[in-house]
Structure formats: structure tokens, C-alpha cells
Amino acid sequence: MRAILQDLGASPEALISISEPNLAPDSVGDVHLELRAPTDALPAPELLLGKLSAEGLLLVSIPKATTSDPQLAELRNRLWPTFHVVAIYRTSGGKTKRSSMGGSVTLEQPASQEGCVLALRTREYIMSPAATVEKFDQNASGWNGEPGRPGYAHFRWMRRFMAVYADLPKTDGASVLDFGCGAGWVGIEAALKMKNPRLAFFDPSPEMVRISEENARENGIANATGRTGFGEAPPFPSEGEEAFDVVISSGVLSFSPDFDSWFDGLVMSVKPGGTLVIGDIYPDSRGFLKRRRTRPLLPVRELNGQTPEYARKRLEEHGFIWKRTSGYQLTYPIPEMMHVSQTKLGGALGIPLLIANKALAAIDRATGHSLASLFDSWVMHFERPA
Ligand SMILES: C[S@@+](CC[C@H](N)C(=O)[O-])C[C@H]1O[C@@H](n2cnc3c(N)ncnc32)[C@H](O)[C@@H]1O
Numbered sequence: 054m055r056a057i058l059q060d061l062g063a064s065p066e067a068l069i070s071i072s073e074p075n076l077a078p079d080s081v082g083d084v085h086l087e088l089r090a091p092t093d094a095l096p097a098p099e100l101l102l103g104k105l106s107a108e109g110l111l112l113v114s115i116p117k118a119t120t121s122d123p124q125l126a127e128l129r130n131r132l133w134p135t136f137h138v139v140a141i142y143r144t145s146g147g148k149t150k151r152s153s154m155g156g157s158v159t160l161e162q163p164a165s166q167e168g169c170v171l172a173l174r175t176r177e178y179i180m181s182p183a184a185t186v187e188k189f190d191q192n193a194s195g196w197n198g199e200p201g202r203p204g205y206a207h208f209r210w211m212r213r214f215m216a217v218y219a220d221l222p223k224t225d226g227a228s229v230l231d232f233g234c235g236a237g238w239v240g241i242e243a244a245l246k247m248k249n250p251r252l253a254f255f256d257p258s259p260e261m262v263r264i265s266e267e268n269a270r271e272n273g274i275a276n277a278t279g280r281t282g283f284g285e286a287p288p289f290p291s292e293g294e295e296a297f298d299v300v301i302s303s304g305v306l307s308f309s310p311d312f313d314s315w316f317d318g319l320v321m322s323v324k325p326g327g328t329l330v331i332g333d334i335y336p337d338s339r340g341f342l343k344r345r346r347t348r349p350l351l352p353v354r355e356l357n358g359q360t361p362e363y364a365r366k367r368l369e370e371h372g373f374i375w376k377r378t379s380g381y382q383l384t385y386p387i388p389e390m391m392h393v394s395q396t397k398l399g400g401a402l403g404i405p406l407l408i409a410n411k412a413l414a415a416i417d418r419a420t421g422h423s424l425a426s427l428f429d430s431w432v433m434h435f436e437r438p439a
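Structure follows, in C-alpha cells:
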């Protein structure tokens with residue numbers, strides 16, 4: 054455990070063993086939970102939270118290093134939504150290997166005790182505003198896509214699909230808001246189809262907003278304004294400003310730590326009589342269900358993602374009128390094939406897979422979302438009553 058604590062920058066003195074019978078009542082720090090097997094009953098989340106400091110780590114240890122990934126995934130699913138696994142350590146033959154979303158490394162420090170340790174943080178900590186800004190500032194250029202790279206045509210097609218999912222206003226000077234804009238492509242694609250549009254976009258990440266401004270400028274959109282902020286308290290419209298004719302939010306809901314406030318923010322940004330397009334990952338697709346069953350390490354959004362039925366209910370509670378739901382982006386094994394195509398085959402399968410994606414998304418749209426389970430993403434169109 055010492056090597057693992059050192060790797061995590063944690064101190065053995067701050068580690069509280071939850072199974073210790075003489076726990077000091079008011080001590081808080083990092084928490085260690087020892088299980089005999091991954092299927093053991095877990096203490097109540099409140100008990101663990103009561104001992105954890107605000108930025109504390111929960112370490113769950115299991116004596117067998119050979120505990121399988123599906124067993125660990127099942128344990129991770131039981132700890133969600135209070136906790137999320139950020140790293141897994143496996144020690145065997147005196148060596149400890151750390152796996153995280155960033156990859157795997159073997160620690161330098163030797164270790165004697167065989168076994169497996171999951172390192173977890175609270176959902177609240179992982180999805181905190183500061184963590185979100187840091188994560189997306191660091192990955193901003195990755196979300197921009199790179200012209201010429203394999204997969205770029207597919208990346209742009211998905212943004213265009215969202216942008217034109219609802220009929221856009223034909224009037225001169227209508228306004229459009231990209232709600233959680235990333236590199237800005239969904240709002241830009243919509244604005245390119247409108248007459249003298251007023252484009253607004255915001256994102257928690259200042260770097261994303263900067264890239265969106267650059268992309269809007271390079272695409273000749275004269276009237277474009279970016280701000281930083283979160284969907285839970287959106288920076289548009291601010292005091293005295295009008296709400297928008299069209300609001301599009303693509304792939305953002307699953308990053309929200311607080312759905313009540315997020316939907317309140319989304320709703321207030323749409324003008325009475327305005328159009329809303331919202332889309333995100335579909336957690337019940339074949340691919341995402343398989344990943345949650347078999348992989349103990351996943352991006353937090355894959356656990357936090359919501360179904361279109363949930364989003365529709367929330368928006369109908371706010372009086373929005375549902376128009377249509379569709380799927381896009383085919384599920385397992387298509388993303389895996391795209392990955393192989395991009396990393397090993399120089400993009401050879403890119404065009405056929407894009408054609409398959411386009412064709413099935415069009416069939417699903419034409420048949421009232423009859424192919425729901427085939428897609429990793431959903432999109433919906435709503436109107437706000439005038
Ligand atoms: C998957 S990217 C999608 C970007 C863009 N909408 C697109 O479709 O290309 C998610 C974006 O949501 C932003 N985001 C994360 N949490 C958010 C929140 N609570 N409110 C608004 N945006 C958020 C991130 O910074 C990131 O740029």
C-alpha cells in the first residue's frame with residue numbers, strides 16, 4: 054500500500070481504515086476499505102463519505118491480483134454514483150502496475166503484498182467546476198479535430214447532423230446559441246445555414262471558447278460572441294439580453310454534476326416560440342452497456358450519461374413540446390472498427406463506415422427512431438411554446 058499511496062501523492066498517516074474497530078469519531082482523510090472479494094457487501098456511502106476529507110481518496114483493496122476486469126467493473130458500478138474509479142493498481146511478483154484512462158505504467162517501488170487496489174474519488178470532486186475546466190482546457194485541441202486526419206469527415210458530419218436537425222429560421226438576423234460549445238463546430242455549422250445570424254457560444258473551458266472564436270472567424274461568421282460559463286448558470290442571456298431563437302446543446306448533458314440546474318439553465322436560454330436541439334450519448338446502447346459490464350476504467354460521462362426519455366421528461370416538465378428523436382453514431386463494433394481504421398489502417402475504413410452511419414441515421418430518422426439500440430448517441434428537437 055505504501056508504494057500506491059506514494060504514487061497517488063497521499064500520506065500513510067492520513068489513511069483511515071474503515072474496518073478499524075476503534076475509529077476516532079471525528080477523524081477524516083483518505084479512506085481504506087478492505088474487501089475479501091469484489092462481491093462483498095459495501096458499507097453505506099454515508100459511512101465512507103463521513104470519513105473522507107473533501108479532496109480525499111477512497112482506496113478499495115482486494116487480496117487477489119487476478120480479480121478480473123468484469124468483476125472490478127461490477128464493483129465500480131456498485132460504488133457509482135457516490136464514487137468513481139480513477140486508477141487501478143495490481144501487484145504481483147513484487148511489481149505494481151497502475152492503470153488509468155491515460156494508460157498503464159509499472160511503479161518503480163517494489164511491493165510485497167499481492168492484490169488489487171481501486172483508487173476512487175467522489176463524483177462531486179471529479180465533476181467539480183475546477184476539474185471540468187482543467188480537463189477540457191488540456192484536451193481542447195483534441196476536441197477541435199484535425200483536417201486531413203482519418204476520422205475528420207466523420208467528426209464534422211456529426212456536428213452538421215446536430216446543427217441542421219431542426220429547421221433553422223429563415224428570417225434575417227435570427228440568433229443561435231451553442232450551449233457547451235467545445236470547439237464551436239455545431240453552432241458554426243448552424244450559423245453557416247442562416248441569413249446574417251447572431252451566433253453566441255459558451256463553454257466552461259476558456260481554451261475551448263478561444264478556439265471557437267478562431268473557428269467562427271475563419272468561417273466568415275461576422276457576428277459571433279463567446280463567453281465562459283457552465284450550463285447550470287449560463288452566461289447567455291445575461292441580465293437585459295434576449296433569449297435565443299435556436300439553442301443547440303451537443304454532448305454536454307453527461308458532463309453535468311447537477312441536472313436540475315442544468316435543465317433550468319438550458320430552458321431559460323430558449324426564447325418563447327424558439328427551437329431547442331439537444332443530444333448526448335445513449336447509455337443503454339449495446340456498446341455502452343458492454344463497456345460498463347467489462348471495463349472497470351471508464352470516462353465519468355459514460356456513467357453519468359442519460360437516456361433521451363429522461364431528457365424528454367425533464368423538458369416536458371418545463372412545458373417544452375417534443376417534436377422528434379433520432380439516433381446517430383452506430384454502436385459496437387463500429388467505433389472500435391473506426392479506431393482500428395484510424396490507428397492501424399491509415400483510415401482505410403473511414404468512408405465506408407461513415408456511409409453506414411449516415412444511411413442508418415437517415416433510416417432511423419425516417420422511421421421514428423425505430424433503431425434506437427443501434428446508436429451510441431441520440432438527438433431531440435423541441436419547441437418552446439410562444
Ligand atoms: C463532448 S464536448 C462537446 C462539444 C461540442 N458541443 C460538440 O458537440 O462538439 C463537451 C463540452 O461540454 C463542456 N462542458 C462540460 N461540462 C459542462 C457544463 N456543466 N456546462 C456546459 N458545458 C460543459 C466541455 O467543456 C466540453 O467542451
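First residue of the sequence shown: 54, per the numbering used here; consecutive thereafter.
Ideal Cβ positions, reconstructed from N, Cα and C, are used throughout, including at glycine.
Discussion item. Report the start-end ranges of each alpha helix (DSSP H) in the segment 176 to 228 that is 4 residues or longer and not cut off at the edges.
Written reply: Annotation note: the segment 176 to 228 contains the following uninterrupted alpha helix (DSSP H) runs of length 4 or greater, listed N- to C-terminal: 176 to 179, 182 to 197 and 205 to 216.
Worksheet item: What separation, rounded to the nearest whole angstrom, lies between the Cα atoms of residue 351 and residue 61?
Response: Going by C-alpha positions, residue 351 is about 19 Å away from residue 61.
Worksheet entry | Check whether residue 432 and residue 379 have beta carbons under 8 Å apart | When the beta-carbon positions are compared, residue 432 and residue 379 come within less than 8 Å of each other.
Discussion item. Which residue marks the beginning of the alpha helix (DSSP H) containing residue 104, and which one marks its end?
Written reply: Residue 104 -> alpha helix (DSSP H) spans 98 to 104.
Discussion item. Out of 437, 249, 297 and 57, which one is the CA nearest neighbour of residue 226?
Written reply: Among 437, 249, 297 and 57, the Cα nearest to that of residue 226 is on 249.
Item to complete: Just grab the DSSP bridge partners of residue 330 for me.
Response: According to DSSP, which records beta bridges pairwise, residue 330 is partnered with 301 and 434.
Fill in: Boundaries (first-last residue) of the alpha helix (DSSP H) holding residue 370
Per DSSP, the continuous alpha helix (DSSP H) segment holding residue 370 begins and ends at 361 to 370.
Worksheet item: Counting Cβ pairs closer than 8 Å, one from the segment 152 to 172 and one from the segment 384 to 402, do we hit at least three?
Response: Contact fails: fewer than three Cβ-Cβ distances are below 8 Å.
Discussion item. I need the DSSP call for residue 296, collapsed to helix, strand or coil.
Written reply: Look at residue 296 here: in three-state DSSP terms it is coil, with no helix or strand label.
Item to complete: Within its chain, find whatever has a CB closer than 6 Å to the CB of residue 410; leave out the 5 residues flanking it on each side and keep chain order.
Response: If we look at residue 410 and ignore the five residues flanking it on each side, its Cβ neighbours are 383.
Fill in: Status (buried if at least 16 other CB within 10 Å, exposed otherwise) for residue 80
Exposure of residue 80 is indicated by the presence of fewer than 16 other C-beta atoms within 10 angstroms of its C-beta.
Worksheet item: Which word fits residue 430, buried or exposed, when buried means at least 16 other C-beta atoms lie within 10 angstroms of its C-beta?
Response: By the neighbour-count criterion, in which a residue is buried when 16 or more other Cβ atoms sit within 10 angstroms of its Cβ, residue 430 is buried.
Practice prompt. Taking all protein chains shown into account, decide if residue 154 is buried (16 or more other Cβ within 10 angstroms of its Cβ) or exposed.
Written response: Its Cβ having fewer than 16 others within 10 Å, residue 154 is exposed.
Worksheet entry | Closest residue to residue 219 among 246, 203 and 129 (Cα-Cα distance) | For the residues 246, 203 and 129, the minimum Cα distance to residue 219 belongs to 246.
Worksheet item: Does the Cβ of residue 235 lie closer than 7 Å to at least one heavy atom of ligand 1?
Response: Yes, Cβ of residue 235 sits closer than 7 Å to a heavy atom of ligand 1.
Fill in: Expected contact under 8 Å - CB spacing of residue 141 and residue 102 to nearest Å
Under the criterion of beta carbons closer than 8 Å, residue 141 and residue 102 do not qualify as touching, at roughly 22 Å.
Worksheet entry | Own chain partners of residue 178 with C-beta closer than 8 Å, once the 5 adjacent residues on each side are dropped | Counting only residues of its own chain and dropping the five nearest sequence neighbours on each side, residue 178 has a CB closer than 8 Å to the CB of 107, 108 and 184.
Worksheet item: Going by beta carbon distance, what residues of the same chain come within less than 8 Å of residue 91, once the five residues before and after it are set aside?
Response: Here residue 91 has 115, 120, 124, 125, 127 and 128 as same chain residues with Cβ atoms under 8 Å from its own Cβ, once five neighbours each way along the sequence are excluded.
Item to complete: Just mark residue 321 as buried or exposed, buried being the case when its beta carbon has 16 or more other beta carbons within 10 Å.
Response: The residue in question, residue 321, is exposed, as its Cβ has fewer than 16 Cβ neighbours within 10 Å.
Fill in: Cut-off 7 Å between Cβ atoms - residues of its own chain near residue 144, not counting five sequence neighbours on either side
Counting only Cβ-Cβ distances below 7 Å, and skipping sequence neighbours, we find 118, 164, 166, 167 and 168.
Worksheet entry | Cβ shell of residue 63 (< 7 Å), same chain only, five flanking positions each side left out | So the qualifying residues of the chain are 83 and 110.
Item to complete: Please indicate yes or no: does the CB of residue 280 lie closer than 7 Å to some heavy atom of ligand 1?
Response: Not under cutoff, so the answer is no.
Worksheet entry | Nearest-angstrom Cβ-Cβ length linking residue 337 and residue 305, presumed shorter than 8 Å | The C-beta separation of residue 337 from residue 305 comes to about 19 Å, leaving the pair out of contact by the 8 Å criterion.
Worksheet item: Quick one: what's got a C-beta closer than 8 Å to residue 276's C-beta in the same chain, skipping five residues either side?
Response: Closer than 8 Å at the Cβ level, and outside the excluded window around residue 276, lie 249, 250, 251 and 252.
Practice prompt. Provide the residue(s) that pair with residue 172 in DSSP beta bridges, ordered along the chain.
Written response: In DSSP, residue 172 forms a bridge with 112 and 140.
Worksheet item: Who does residue 400 pair with in a DSSP beta bridge?
Response: Note: residue 400 sits in no beta bridge, so no partner.
Discussion item. Which residues does DSSP list as the beta-bridge partners of residue 85?
Written reply: According to DSSP, residue 85 bridges with 70 and 112.
Worksheet item: Where residue 268 and residue 287 are concerned, what is the direct C-alpha to C-alpha distance, given to the nearest angstrom?
Response: Note on geometry: alpha-carbon atoms of residue 268 and residue 287 lie some 21 Å from one another.
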